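Novice: Per full-length UniProt numbering: the sequence shown = residues 1 to 170.
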Amino acid sequence: MTKANILRRTSWVAVLATVFLSACAVKSPAPEPAKPVAVTKPVHPACQPAAAGDDLAGNWLSKHRQKGVVGELRTLFTLQTDGSMAYTEQVKRPNKPSQGLNESGCWVRKGNDVRISTQESNGVTTEPGDPIYENHYNIVSLTARNLVLRDQSGTTYRLTRMSPGYRLPF
1 MTKANILRRT
11 SWVAVLATVF
21 LSACAVKSPA
31 PEPAKPVAVT
41 KPVHPACQPA
51 AAGDDLAGNW
61 LSKHRQKGVV
71 GELRTLFTLQ
81 TDGSMAYTEQ
91 VKRPNKPSQG
101 LNESGCWVRK
111 GNDVRISTQE
121 SNGVTTEPGD
131 PIYENHYNIV
141 SLTARNLVLR
151 DQSGTTYRLT
161 RMSPGYRLPF
């Protein structure tokens, strides 16, 4: 036998041995499909109803300008008697569409302090207890028509009572 034939036969034997061994190899079972992980939505506590006859309940609108912001800021607090709230803030600029923030959650009044807890911000459920979604205001003055609030940073909101169902225009 020539060297070429020996090489050719050896190659065929190696190929056949590889095919045979791979056919005999024990295949591991297919992995089980991953179990779906249940994504739990954060659970916020239920809103507590406001005290009967609380003058703070209603729609309150503030229009003001802020240093560094081009345009007028419009802020609408909607405080319901069932303890729920909606907070809408828009930046109204000349010749441009309004940009805004829409939040909902709960409000609680204790004396002259008001706590607003956001549970949903622009359609996304917030993380319970996250301090960025807990806002505290001090009631500086409250009449049937006007409300003045001051937040933790000292910003003062001068608000006017609006009719029930009032919404910010776009």
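Glycine included, C-beta positions come from ideal geometry on N, C-alpha and C. Because the structure is a prediction, the values reported are computed rather than measured.
Under the rule that 16 or more other beta-carbon atoms within 10 Å means buried, what is T125, buried or exposed?
Specialist: exposed
Novice: Let me know the secondary structure DSSP gives Y137 once reduced to three states.
Specialist: The answer is strand: DSSP assigns Y137 an E or B state.
Novice: Out of curiosity, what's the CA-to-CA distance linking H44 and H136?
Specialist: 18 Å
Novice: With a Cβ-Cβ cutoff of 9 Å, do A86 and T78 count as a contact?
Specialist: yes
Novice: To the nearest angstrom, report how far apart G100 and A34 are at their CA atoms.
Specialist: Going by the C-alpha atoms only, they are around 41 Å apart.
Novice: What is the C-beta distance between R93 and V70, in whole angstroms, given that I count them as a contact (C-beta under 8 Å)?
Specialist: 6 Å
Novice: Just the Cα atoms here: how many angstroms apart are L16 and P31?
Specialist: Model confidence at L16 stands at a pLDDT of 49, short of 50, so the residue's coordinates are unreliable; what they give is reported in the following sentence. Each residue's Cα considered, the two are about 30 Å apart.
Novice: Excluding the 5 residues preceding and the 5 following S163 in the sequence, name in chain order all residues of the same chain whose CB lies nearer than 8 Å to its CB.
Specialist: N59
Novice: How long is the line joining the alpha carbons of Q90 and P169, rounded to whole angstroms?
Specialist: 9 Å
Novice: Quick check on S117: buried or exposed, where buried means 16 or more other Cβ atoms within 10 Å of its Cβ?
Specialist: buried
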